[in-house]
Amino acid sequence: MSRGSNPGFDRHITIFSPDGRLYQVEYAFKAITQSGLTTVGVRGEDCAVVVTQKKVPDKLLDASTMTNMFKLTARIGCVMTGHGADSRSQVHRARVEAGEWKYKFGYEINADVLCRRMADICQVYTQNAEMRPLGCCMMLVSMDPQQGPVLYKVDPAGYYCGFRGIAVGPKHVEANGYLEKKLKKKPKLSQDRTIQLCISCLSSVLSTDFKATDLEVGLVSKEHIKFRTLSESEIETHLVAIAERE
Amino acid sequence: MLEEQGPEWMSEEVKTGTTIIAVEFDGGVVLGSDSRVSAGASVVNRVMNKLSPLHDRIYCALSGSAADAQTIAETVNYQLDVHSMELGQDPLVCSAATLVKNISYQYKEELSAHLIVGGWDRRGGGQVYATLSGLLTRQPFALGGSGSSYVYGYLDAEYRAGAGRTDTQRLVVDTLSLAMSRDGSSGGVAYLVTIDGDGVEEKVFLGNELPTFYDQ
Numbered sequence: 196m197s198r199g200s201n202p203g204f205d206r207h208i209t210i211f212s213p214d215g216r217l218y219q220v221e222y223a224f225k226a227i228t229q230s231g232l233t234t235v236g237v238r239g240e241d242c243a244v245v246v247t248q249k250k251v252p253d254k255l256l257d258a259s260t261m262t263n264m265f266k267l268t269a270r271i272g273c274v275m276t277g278h279g280a281d282s283r284s285q286v287h288r289a290r291v292e293a294g295e296w297k298y299k300f301g302y303e304i305n306a307d308v309l310c311r312r313m314a315d316i317c318q319v320y321t322q323n324a325e326m327r328p329l330g331c332c333m334m335l336v337s338m339d340p341q342q343g344p345v346l347y348k349v350d351p352a353g354y355y356c357g358f359r360g361i362a363v364g365p366k367h368v369e370a371n372g373y374l375e376k377k378l379k380k381k382p383k384l385s386q387d388r389t390i391q392l393c394i395s396c397l398s399s400v401l402s403t404d405f406k407a408t409d410l411e412v413g414l415v416s417k418e419h420i421k422f423r424t425l426s427e428s429e430i431e432t433h434l435v436a437i438a439e440r441e
Numbered sequence: 416m417l418e419e420q421g422p423e424w425m426s427e428e429v430k431t432g433t434t435i436i437a438v439e440f441d442g443g444v445v446l447g448s449d450s451r452v453s454a455g456a457s458v459v460n461r462v463m464n465k466l467s468p469l470h471d472r473i474y475c476a477l478s479g480s481a482a483d484a485q486t487i488a489e490t491v492n493y494q495l496d497v498h499s500m501e502l503g504q505d506p507l508v509c510s511a512a513t514l515v516k517n518i519s520y521q522y523k524e525e526l527s528a529h530l531i532v533g534g535w536d537r538r539g540g541g542q543v544y545a546t547l548s549g550l551l552t553r554q555p556f557a558l559g560g561s562g563s564s565y566v567y568g569y570l571d572a573e574y575r576a577g578a579g580r581t582d583t584q585r586l587v588v589d590t591l592s593l594a595m596s597r598d599g600s601s602g603g604v605a606y607l608v609t610i611d612g613d614g615v616e617e618k619v620f621l622g623n624e625l626p627t628f629y630d631q
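Chains A and B, in that order, are what the protein sequence lines are.
Add 195 to a position in the first sequence, counting from 1, and you land on the number used in this note's numbering.
Add 415 to a position in the second sequence, counting from 1, and you land on the number used in this note's numbering.
Quick look at the structure:
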């Protein structure tokens, strides 16, 4: 076998480099931070919450048509961070996978199974030469019928895991540190506390005081099992509660 | 006599020789069906609910071959699931009916099932669609199944446009009862599903609860 692949091709397609790395996958991770939005997810006692920034770059843009929160099934919702078009492609695929599962097996897919399926699909892109990995990260939340609230994340490498709290995006390192501190003692968080923890985390690492229009909040809870996003006024209530506590 | 293949019903196709009805009223629809599934002369299931959900506020009534009808309903239910996720809102009744029609028409040589689609959506209110043989037509009311031929006249005479919810429910139950008493392939209990803007109501009328007519 010739010592063949030109030096440098390992950066162009997903094959191993001599030091055992997949450069394309690493570049995909860098692409996630390109969007400039940081996302935080936390699993509470009876709920699972995801919060992401909302930046409207253009004054002419209709903000109500822009969102990174998507419903995958009635019970499972997700927030996408990273490249916009890749995000929509992954959401569509997830919806189709969930629909096919229900059709084939007769019951609604669970969040961890859907997550594993999306991770397996991501892995295929890291092996096929003709397709590139997607430059986006999917964070799923759901009220699992057996396990209660769950929070899962899939990344372009095809790695997935369940989390008590996780952040992605440009400030994910600082945000993960913040969450580790706050969740170290495994507190039992109510719905309001969970939402406020997510918002405070973002506020703290981005050093910004948010307005209600700067955030998107998605959640599932025991009282409201279906995935929903909070309205501006609901977000405002939480921002006020955070300000009052400080 | 040399080839004992077992009883007839083992080899007969399972049909829902049936009566199915859907009637529109002011603000919604009522769908009704009997509950008999026959394989030849044998009643295979006497309590089958032939009103199958396609989505939250869209149901369909099954007739013809039981397997064919169920498969169409399940396929359309799957397609509507993904479609409504992508849309971000409840699908239209005409979308559901179109999906049913597309399958019925494309496979019209292989399938022998007729589905009536009825439901409520925000745009058009209560709607009933017939999809026999792969056509698509919206009608104020639709009948199907072997028992329907006995009651066309009754429904033609008794249907009133703009009737209310309870009157329409009574009309559907009366029609079903008449058909079930005349058609050998229809019988059992009567299932009713009423769909309007507020939700879905499912009711069962057991044999002794069905309205009786002159000979009963």
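For glycine and all other residues, C-beta sits at the position ideal for the given N, C-alpha and C.
Every value quoted in this text rests on a predicted model; they were computed, and no experiment measured them.
Of all residues in the stretch 373 to 394 of chain A, none places a beta-carbon less than 9 Å from a beta-carbon of chain B. Taking 8 Å as the cut-off, the beta carbon of valine 368 of chain A is found no closer than this to the beta carbon of valine 244 of chain A.
Residue range 443 to 448 is occupied by the beta strand (DSSP E) that includes serine 448 of chain B. About 15 Å separates the beta carbon of leucine 469 of chain B from that of serine 448 of chain B, a gap too long to meet the 8 Å contact definition. Alanine 476 of chain B has B/Leu466, B/Ile531 as its beta-bridge partners, per DSSP. In this structure, the alpha-carbon of glutamate 524 of chain B lies about 56 Å from that of threonine 408 of chain A.
Taking 8 Å as the cut-off between beta carbons, the residues of the stretch 495 to 518 of chain B near chain A are Asp496, Val497, Met500, Glu501, Gly503, in sequence order. Counting along the chain, the unbroken beta strand (DSSP E) around valine 244 of chain A starts and ends at 242 to 248. For histidine 287 of chain A, the closest Cβ of chain B is nearer than 8 Å. Taking a contact as a CB-CB distance under 8 Å, the pair threonine 389 of chain A and glycine 239 of chain A counts as one, their CB atoms being some 3 Å apart. Taking 8 Å as the upper bound on Cβ-Cβ separation, chain B lies near residues Lys266, Leu267, Thr268 of the stretch 252 to 269 of chain A. Within the same chain, Thr233, Val400, Leu401 come within 7 Å of lysine 366 of chain A by CB-CB distance, once the 5 residues on both sides are set aside. Secondary structure note for tyrosine 373 of chain A: its alpha helix (DSSP H) is the uninterrupted segment 367 to 378. Chain A places no beta carbon closer than 8 Å to that of tyrosine 522 of chain B, leaving this residue out of the contacts.
Across the structure, isoleucine 430 of chain A and leucine 217 of chain A are spaced so that their CA atoms are roughly 41 Å apart. Residue-level contact by beta carbon fails for tyrosine 567 of chain B and chain A, as no gap is shorter than 8 Å. Membership of aspartate 613 of chain B in any beta strand (DSSP E) is not indicated, and neither H nor E is assigned to it by DSSP. Residue-level contact by beta carbon fails for glycine 357 of chain A and chain B, as no gap is shorter than 8 Å. Contact of valine 291 of chain A with chain B by beta-carbon distance below 8 Å involves Val497.
Excluding its 5 nearest sequence neighbours in each direction, threonine 228 of chain A has C-beta neighbours in its own chain below 7 Å: Gly364, Pro365, listed in chain order.
Residues of the stretch 472 to 493 of chain B with a Cβ closer than 9 Å to any Cβ of chain A, in chain order: Glu489, Thr490, Asn492, Tyr493.
Contact annotation, glutamine 342 of chain A with methionine 313 of chain A: C-beta distance approximately 18 Å; criterion of less than 8 Å not satisfied. If only uninterrupted alpha helix (DSSP H) runs of at least 4 residues are considered, none is enclosed by the stretch 245 to 275 of chain A. If you ignore the 5 residues before and after alanine 436 of chain A, its C-beta comes within less than 8 Å of the C-beta of Asp387, Gln391, all in its own chain and listed in chain order.
DSSP, read as helix, strand or coil, puts alanine 352 of chain A in coil. When secondary structure is reduced to three states using DSSP, isoleucine 390 of chain A falls in the helix class.
Taking 8 Å as the cut-off, the beta carbon of glycine 534 of chain B is found no closer than this to the beta carbon of arginine 580 of chain B. In the three-state reduction of the DSSP assignment, arginine 553 of chain B falls in the strand class, which pools E and B. Per DSSP, the unbroken beta strand (DSSP E) holding leucine 335 of chain A starts and ends at 331 to 339.
Glycine 549 of chain B sits away from tyrosine 567 of chain B, with the two beta carbons spaced by 8 Å or more.
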